[in-house]
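Q:
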Ligand SMILES: Cc1ncc(COP(=O)(O)O)c(C=O)c1O
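Numbering (my numbering), first residue to last: 3 to 403.
#1: How far does the alpha helix (DSSP H) with residue 304 in it extend, from its first residue to its last?
#2: What would DSSP say about residue 128, mapped onto helix, strand or coil?
#3: How would you write the range of the alpha helix (DSSP H) that residue 374 sits in, first residue to last?
#4: Assuming residue 162 and residue 118 make a contact with CB atoms under 8 Å, what is their CB distance in whole Å?
#5: Just to check, is the beta-carbon of residue 124 closer than 7 Å to a non-hydrogen atom of ligand 1?
#6: In whole angstroms, give me the CA-to-CA distance for residue 288 and residue 397.
#7: Rounded to the nearest angstrom, what separates residue 56 and residue 12 at their Cα positions?
#8: How would you call residue 369, buried or exposed, if buried means at least 16 neighbouring beta carbons within 10 angstroms?
#9: Please identify the residue among 87, 194 and 243 whose C-alpha is closest to the C-alpha of residue 184.
#10: Rounded to the nearest angstrom, how far is the Cβ of residue 312 from that of residue 344, given a contact under 8 Å?
#11: Sort 201, 126, 64 and 365 by Cα distance to residue 263 and report the nearest one.
#12: Under the rule that 16 or more other beta-carbon atoms within 10 Å means buried, what is residue 3, buried or exposed?
#13: Between residue 231 and ligand 1, is there a pair consisting of the residue's CB and a ligand heavy atom that are separated by less than 7 Å?
#14: Run through the DSSP bridge pairs and tell me what residue 247 is partnered with.
#15: Quick test of the definition: if touching needs 3 or more C-beta pairs under 8 Å, does the region 301-309 touch the region 69-87?
#16: Mind checking whether the beta-carbon of residue 243 lies closer than 7 Å to any heavy atom of ligand 1?
#17: Are residue 222 and residue 215 close, meaning C-beta to C-beta below 8 Å?
#18: Out of curiosity, what's the CA-to-CA distance linking residue 125 and residue 44?
#19: To the nearest angstrom, how far is it from the Cα of residue 231 to the Cα of residue 350?
#20: What span of residues does the alpha helix (DSSP H) with residue 348 cover, start to end?
#21: Between residue 168 and ligand 1, is there a pair consisting of the residue's CB and a ligand heavy atom that are separated by less than 7 Å?
#22: Would you say the beta carbon of residue 152 comes nearer than 7 Å to a heavy atom of ligand 3?
#23: To the nearest whole angstrom, what separates the beta carbons of residue 283 and residue 67, a pair I think is in contact under 8 Å?
#24: From what residue to what residue does the alpha helix (DSSP H) around residue 16 run?
#25: Among all the DSSP beta bridges, which residues are the ones paired with residue 195?
#26: Measuring CA to CA, which of 144, 382, 251 and 128 is closest to residue 314?
#27: Would you decide whether residue 286 is buried or exposed? Buried here means 16 or more other CB atoms lie within 10 Å of its CB.
#28: What does the Cβ neighbour count give for residue 211, buried or exposed, with the cut at 16 atoms within 10 Å?
See the structure below:
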C-alpha cells in the first residue's frame, strides 16, 4: 500500500480503524484464555495515556520519572525479598532475560560461555544466546516438570557462565527448585537468573494466601537477577517487562553512558534507547493503587476459577490435566484424542487457546470471568463428545473391514 498524498480527516481514520479491528480478539469477550497478558487495569490505562510523551531513554529530561522507576523496582523488589534491588521496566520478558544473560556474560568475561537452561524455559533465552554469542545447554525435567537438578550439576563445566531457573514456566506455570539451583550457583561461582516473568506477580500473593510457596527469589543468596513482568499478572499496559538485579554492581555491567542527549549525559541500561516513561509511571501507579491487598484479591479470584476449571476438566471423559496447577496456568491433555484436534475444534468455536507439543495451555488471567470458564467447559464437553463419536465410528469402520 502506498502512502496517500492527502491525509484523511481524523473521524474517517478512526471509523476505518473501528471497522477493521472489530474482528480481532478482545479480552472483554473472555475468549482469550491462552495468553499471559490481560486487559490493563483502569488506573494504568489512564496514567499511560496521560504521560505518553515521557522518554526514559533521555532521563535527564525527566529525572522525576527516573526516580519513579527506582521506586517501582524497589516496590517489586520488596515483593521478592529485596527492596534494595536495582532494575528497569523494559519491553517485556524477552528483553529482561536478554539483559540478564548479557550481565552474566560481562561478569564472566567469557565471550562464548555456556548457559544452562531447563527445556521448559522460554524461547527468549535461545534468542538472547544467539544474539550474545552464548551456547545454550538444555537440561531435562523431573517427574514434576521441574528442572532436573542432577542434570544441571552434570551440565556444569568451566565454560558455564549462568544457570537459569524458572518460577512459573510458560507451558505449565511450574516453579523450578530454585533453592537447590542457588546452592549450586554459589558453590560453582556461577550467575543464577530466575525467570519469574509470570510467577513474579503471582507467587508472593499465593504465599500471602497461605499456599506453600518455596523460596524462589532474592531470599536465596545465589540469585543474581529476576525477570518479573508487570504486563503479565501485574495488569500493566504493554510494554512493561521487568528486570531486577540483586545489586548495582551487576546492573552496571549493562549500563552505557550516552552523551548526546537533550537532557545531558545519561546512562542507559536497557537494550533499547528511547523508551516509554508512561510504561513506568503506569506500573508505579498500579503498585501504589493495588498494594499487596489488591493483588492478593486478584490472584485469589484467578486461583478460584483455576480450580473450578480443573475440577470440570477432570469430569470430562477423554480429557485430563497434565499436572495439578501451581498457579493460574492449566495444562489440558488427552490420552484418548489427538490434542491438535482438540485445539482445532476449540479454535473453531472461537477460543484463543495456546498449543504446546503435547498439551493445551489455559491461563486464567484477571479478565477471565466465571461465565467464560463455564462457557469454555461447555464447549470442551461438546468437543470431547464429537471427537469421542468420531473415534467410535473409526473403530466400527475398522472392525467391519
Ligand atoms: C516465563 C516467561 N519468560 C519470558 C517470557 C517472554 O515475555 P515477553 O513475551 O513479554 O517478551 C514469557 C512469555 O510468556 C514467559 O512465559
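All residues carry an ideal CB built from backbone N, CA and C; glycine is no exception.
Bear in mind the structure is a predicted one, so any value in this text is a computation, not a measurement.
A: The answer reads as follows:
#1: Note, residue 304: alpha helix (DSSP H), 279-316.
#2: helix
#3: 372-402
#4: 6 Å
#5: yes
#6: 56 Å
#7: Whole-angstrom Cα-Cα distance: 24 Å.
#8: buried
#9: Taking the Cα of residue 184 as reference, the smallest distance to any Cα among 87, 194 and 243 is reached at 194.
#10: With a Cβ gap of about 16 Å, residue 312 and residue 344 do not count as contacting.
#11: 64
#12: exposed
#13: Yes - ligand 1 has a heavy atom lying nearer than 7 Å to the Cβ of residue 231.
#14: Paired residues: 88 and 227.
#15: With a cut-off of 8 Å, the region 69-87 and the region 301-309 do not count as touching, because too few Cβ pairs lie within range.
#16: yes
#17: no
#18: 31 Å
#19: 31 Å
#20: 341-350
#21: Result yes, Cβ under 7 Å from ligand 1.
#22: Because ligand 3 does not appear in the structure shown, any question about it cannot be addressed here, the ligands present being ligand 1.
#23: 6 Å
#24: 12-23
#25: Partner(s): 166 and 227.
#26: 382
#27: Only buried fits residue 286, as 16 or more other CB atoms lie within 10 angstroms of its CB.
#28: exposed
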